[in-house]
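Residue numbers (this note's numbering): 2 to 137.
Glycine is no exception: its CB is placed at the ideal position from the N, C-alpha and C atoms.
Quick caveat, the model's predicted, so the values are computed rather than measured.
Contents: one structure, followed by commentary.
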């Protein structure tokens, strides 16, 4: 990656109150480097075609339709919606008879080094707007 592009992006992404130029909102005006995704490749090693395994039900449709969007509505998230989202993405989903809890995502050695801190733009019923910590 060209360090000049990285430096430009870093400077452009700083708080506008400090007098820096904003990042162009239209990605067509970004340098090509910002619109390029790189993947690590090992060209000297053999390749194996894995094919595809059909996903059950509507899971494959849901995954294909997934997209990041920034067109938010004015409604706050409810406690139940946020709780369900957090539980099934990173929370405790079961406690089997062995006494150990099972979480939605795996973690080597059950250390779970990643914490979830949802940033809410609008306050909910009992949740303040801003950065919140999810206590699993």
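Assign residue i to one of three DSSP states: helix, strand, or coil.
| i | result |
| --- | --- |
| residue 170 | Any property of residue 170 remains undetermined from this structure, which presents the chain solely from 2 to 137. |
| residue 98 | coil |
| residue 52 | coil |
| residue 8 | helix |
| residue 33 | helix |
| residue 79 | coil |
| residue 28 | helix |
For the beta strand (DSSP E) containing residue i, name the first residue and the last one.
| i | result |
| --- | --- |
| residue 61 | Note, residue 61: premise wrong, no beta strand (DSSP E); alpha helix (DSSP H) at 60–66. |
Can the beta-carbon of residue i be found closer than 8 Å to that of residue j?
| i | j | result |
| --- | --- | --- |
| residue 103 | residue 91 | no |
| residue 162 | residue 26 | Since the displayed the chain opens at 2 and closes at 137, residue 162 lies outside it and no answer follows. |
| residue 43 | residue 87 | no |
| residue 6 | residue 32 | yes |
| residue 121 | residue 111 | no |
| residue 94 | residue 137 | no |
| residue 119 | residue 133 | yes |
Who are residue i's beta bridge partners in DSSP?
| i | result |
| --- | --- |
| residue 103 | 95 |
| residue 110 | According to DSSP, which records beta bridges pairwise, residue 110 is partnered with nothing at all. |
| residue 120 | 132 |
Subject >> Segment contact flag, the region 112–126 with the region 68–80, C-beta cutoff 8 Å, min 3 pairs >> reply: Yes, they touch.
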